[in-house]
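Using our numbering, you'd call the opening residue of the sequence shown number 3 and step up by one each time.
From the three backbone atoms N, C-alpha and C, an ideal C-beta is built for every residue, glycine too.
For clarity, every value in this text was computed on a predicted model and none was experimentally measured.
Note sheet for the following structure.
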Amino acid sequence: MNLISLLTLMFAQVSSDRGAQLFDAIRKGDAALVRTLLSADPKLTEARNQDGATPALWAVYTRHAELAPLVLGNRQPDFFEACALGQHDLAGQLLKGEPGLLNGYSRDGFTGLGLAVFFGHLEIARMLVDSGADVNRPSRNSIRVSPLHSAVESGSVALLDLLLAHGAAPDPVEFLEATPLHSAAARGGREMVEKLLTAGADRQRKTKDGKTAADLARQYGHPDLAAELEK
Numbered sequence: 003m004n005l006i007s008l009l010t011l012m013f014a015q016v017s018s019d020r021g022a023q024l025f026d027a028i029r030k031g032d033a034a035l036v037r038t039l040l041s042a043d044p045k046l047t048e049a050r051n052q053d054g055a056t057p058a059l060w061a062v063y064t065r066h067a068e069l070a071p072l073v074l075g076n077r078q079p080d081f082f083e084a085c086a087l088g089q090h091d092l093a094g095q096l097l098k099g100e101p102g103l104l105n106g107y108s109r110d111g112f113t114g115l116g117l118a119v120f121f122g123h124l125e126i127a128r129m130l131v132d133s134g135a136d137v138n139r140p141s142r143n144s145i146r147v148s149p150l151h152s153a154v155e156s157g158s159v160a161l162l163d164l165l166l167a168h169g170a171a172p173d174p175v176e177f178l179e180a181t182p183l184h185s186a187a188a189r190g191g192r193e194m195v196e197k198l199l200t201a202g203a204d205r206q207r208k209t210k211d212g213k214t215a216a217d218l219a220r221q222y223g224h225p226d227l228a229a230e231l232e233k
């Protein structure tokens, strides 16, 4: 199960029936229904699920970022939404006005850096680490992912390089005790695997269910990479 699927499971419950309908419509990418629901109750733009995710963040999490302007209504994105949506100038402006946001958490438990990295926004991530963002700070929720996990999930070698260059530890573990190396191996990301190993990642480390990076590479159809990891 990938991180998007986990996010969807984590944040599926919301605080009201109408809110639930809105979040479900966003998940399905149903713009017409989203408009209908917001027209009937404009305050739904302020809805939150039980973990605090906003409709705009939910739109990004479920890969329907095109719905974010609609569900934001008349308000400006907050710092965390700006990081997730790739709005570099706005994120910088909001950070300048409130420096404590740099290593703070969204209400659903993610840092701005974690969101920017996960959604592949290199320039925002660079701005944040250059400003002193903690590259090792994990999410404060049940999945406990680090920015380095998110870099692997994004598929961006440039983001991986950025975090490692700024001191990211190579072997953070998330809720299943998987490291970024496990994730990169499962994805068949040879270049990422090599960079993580060079940075000191432990190829013998096992997940909660006892699997090494080589085991996962083989399980997900990358036998050549598995063989290299077993050398």
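- The Cβ atoms of I126 and C85 lie closer than 9 Å to each other.
- Secondary structure at N105: helix, using DSSP grouped into helix, strand and coil.
- Distance from the CA of A186 to the CA of V159, rounded to the nearest whole angstrom, comes to 11 Å.
- Listed in chain order, the alpha helix (DSSP H) elements of length 4 or more contained wholly in the stretch 86 to 139 are 90 to 99, 114 to 120, 124 to 132.
- Runs of the alpha helix (DSSP H) spanning 4 or more residues and lying entirely within the stretch 3 to 82 occur at 5 to 12, 19 to 30, 33 to 42, 57 to 63, 70 to 74, in chain order.
- Fewer than three pairs of CB atoms, one per stretch, sit closer than 8 Å, so the stretch 150 to 158 makes no contact with the stretch 79 to 96.
- Assigned with DSSP and collapsed to three states, P182 falls in helix.
- Rounded to the nearest whole angstrom, the C-alpha separation of S141 and T56 is 16 Å.
- Between the alpha carbons of L161 and A170 lies a distance of about 11 Å.
- A distance below 6 Å between beta-carbons, with the five flanking residues on each side excluded, links A216 to the following residues of its chain, in chain order: A228, L231, E232.
- Taking 8 Å as the upper bound for CB-CB distance, L164 and V131 are in contact here, some 6 Å apart.
- For Q206, the secondary structure class from DSSP, reduced to helix, strand or coil, is coil.
- Residues R20, Q23, L24, A27, L46 of the same chain have their beta carbon placed closer than 7 Å to that of L39, with the five preceding and five following residues left out of the count.
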